[in-house]
DNA sequence: GCATTATACTTGCACATTGCAATTATTTGT
DNA sequence: ACAAATAATTGCAATGTGCAAGTATAATGC
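Given below as structure tokens:
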């Protein structure tokens, strides 16, 4: 044999056309400027920003609520809250009825920071949406809702089940 | 004053409705099972998998081509290639004409591994697409193409320009 | 033609992030 | 009251990332 390198098969997955990668690419590219903004300006981490966004709309949240709302594990949530508290952007109090739960609330300066970051976030979103027609926005919105649901299921079942499913259609 | 906590403003950015976050969420959730699969089965990192996918469709690629194709910086590419070589999934040769350039090619066993991972990737994609109608798929495809372009521009201009633009509409 | 500069990539090291075990604090069940 | 369960936190090891410096090669200037 003259060649140890393998030839491409024609039905091969193409990264640049693979839906999850395309979604990731858009998300990652717009996340970068936003991330440099809040990290340079406020010294906030990605987890910190997400948690800030959650407590901005939901007062006295506990850690698991926050984790569920922004897809972070309890460790990351705990550390993120710690960072926000250190920066003076959040306060942590024991829960009213059950004191195992934390009651995390945004502070005034946390709200100010959030508003500044959210302004940039909205500007980014506006630029993206400006590329779409009204009907495309509507379609994208409803499609994304279903994709969110399906991706949660995909995540939940794990790769073994996914391969089994693929084998027995 | 009876309250040190800041009230929510009504036009606030809501994380769960913010387009970039929604895209990220779907991408992250489906990436998780895929990542456990290739890391458990082949000991491959995320960068390793992406590079493998690139060299699976583009033979004798050099490091900067790979980096551009899968959004990795040169360091990550170099290390990812190193990992693939160690696993026997890729070979690194000096470029034909200019020997500063690497010519990275996938090996037979690299191709085998890629095909197995790609099978899972395609199964995941199929499950996502099954939730959409034909016309939704078409719309999503063309919308994503434009979003990719716009997000690249957003990334390129940086946050200062984005805020300036928002201030002067 | 030889020294200088530029390019492509790699490596070493410091630093940050993450994952997981163990810990603390609190509540619930018996 | 004591054991088990639950929410959250912390310490530490492993892992990943960013950047400075290094190597190898090619192009440029004199």
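Protein chains in written order, with this note's numbering: chain A, 24 to 192; chain B, 24 to 192.
Every residue gets a Cβ at the ideal spot worked out from N, C-alpha and C, and that includes glycine.
The structure presented is a predicted model; accordingly, all values stated were derived computationally and were not measured.
Taking the continuous alpha helix (DSSP H) assigned at residue i, which residues delimit it?
i	result
residue 94 of chain B	It is not in any alpha helix (DSSP H) - residue 94 of chain B carries neither H nor E in the DSSP assignment.
residue 153 of chain A	Segment: none, residue 153 of chain A is in no alpha helix (DSSP H) and carries neither H nor E.
residue 71 of chain B	69-80
residue 39 of chain A	Looking at the DSSP string, residue 39 of chain A is not in any alpha helix (DSSP H), and its letter there is neither H nor E.
Per DSSP, residue i is paired with what?
i	result
residue 117 of chain A	A:125
residue 84 of chain B	B:127
What's the gap between the Cα of residue i and the Cα of residue j?
i	j	result
residue 146 of chain A	residue 46 of chain A	19 Å
residue 43 of chain B	residue 53 of chain A	7 Å
residue 57 of chain A	residue 187 of chain B	14 Å
residue 25 of chain B	residue 88 of chain A	Below a pLDDT of 50, predicted positions are generally treated as unreliable, and residue 25 of chain B, at 48, falls in that range; no measurement from the model is reported.
residue 92 of chain A	residue 103 of chain A	14 Å
residue 138 of chain A	residue 116 of chain A	23 Å
residue 133 of chain B	residue 111 of chain B	7 Å
residue 69 of chain B	residue 109 of chain B	15 Å
residue 96 of chain B	residue 76 of chain B	16 Å
residue 99 of chain A	residue 151 of chain B	28 Å
residue 36 of chain A	residue 141 of chain B	6 Å
residue 106 of chain B	residue 135 of chain B	16 Å
residue 63 of chain A	residue 125 of chain A	29 Å
residue 41 of chain B	residue 157 of chain B	25 Å
residue 113 of chain B	residue 84 of chain B	11 Å
residue 189 of chain A	residue 149 of chain B	9 Å
residue 162 of chain B	residue 144 of chain B	22 Å
residue 3 of chain A	residue 61 of chain A	Only positions 24 to 192 of chain A appear in the structure, and residue 3 of chain A is not among them; the question remains open.
residue 172 of chain B	residue 179 of chain B	11 Å
residue 131 of chain B	residue 81 of chain B	14 Å
residue 159 of chain B	residue 86 of chain A	37 Å
residue 78 of chain B	residue 170 of chain B	25 Å
residue 175 of chain A	residue 49 of chain B	8 Å
residue 74 of chain A	residue 168 of chain A	22 Å
residue 185 of chain B	residue 120 of chain B	42 Å
residue 38 of chain A	residue 90 of chain B	13 Å
residue 118 of chain B	residue 165 of chain B	37 Å
residue 123 of chain A	residue 128 of chain B	55 Å
residue 71 of chain B	residue 59 of chain B	13 Å
residue 94 of chain A	residue 181 of chain A	17 Å
residue 154 of chain B	residue 191 of chain A	19 Å
residue 177 of chain B	residue 65 of chain A	21 Å
residue 55 of chain A	residue 55 of chain B	21 Å
residue 183 of chain A	residue 51 of chain B	18 Å
residue 20 of chain B	residue 101 of chain A	No answer is possible for residue 20 of chain B: it lies beyond the span of chain B, which begins at 24 and ends at 192.
Inset, instruction - Can you give me, in chain order, the residues of the segment 84-115 of chain A that have a beta carbon less than 8 Å from any beta carbon in chain B? - result: 92, 93, 94 and 114
Legend entry - Within 9 Å of chain A by C-beta, residues of the segment 141-153 of chain B in sequence order: 141, 142, 143, 144, 145, 146, 147, 148, 149, 150, 151, 152 and 153
Legend entry - Residues in the segment 51-74 of chain B having any Cβ partner in chain A nearer than 8 Å: 51, 52, 53, 54, 55, 56, 57, 59, 60 and 73
Legend entry - chain B contacts from the segment 167-182 of chain A (Cβ-Cβ distance under 7 Å): 167, 169, 170, 171, 173, 174, 175, 177, 178, 181 and 182
Inset, instruction - Using a Cβ-Cβ cut-off of less than 9 Å, list which residues of the segment 113-137 of chain A approach chain B; keep chain order. - result: 114, 128, 129, 130, 131, 132, 133, 134, 135 and 137
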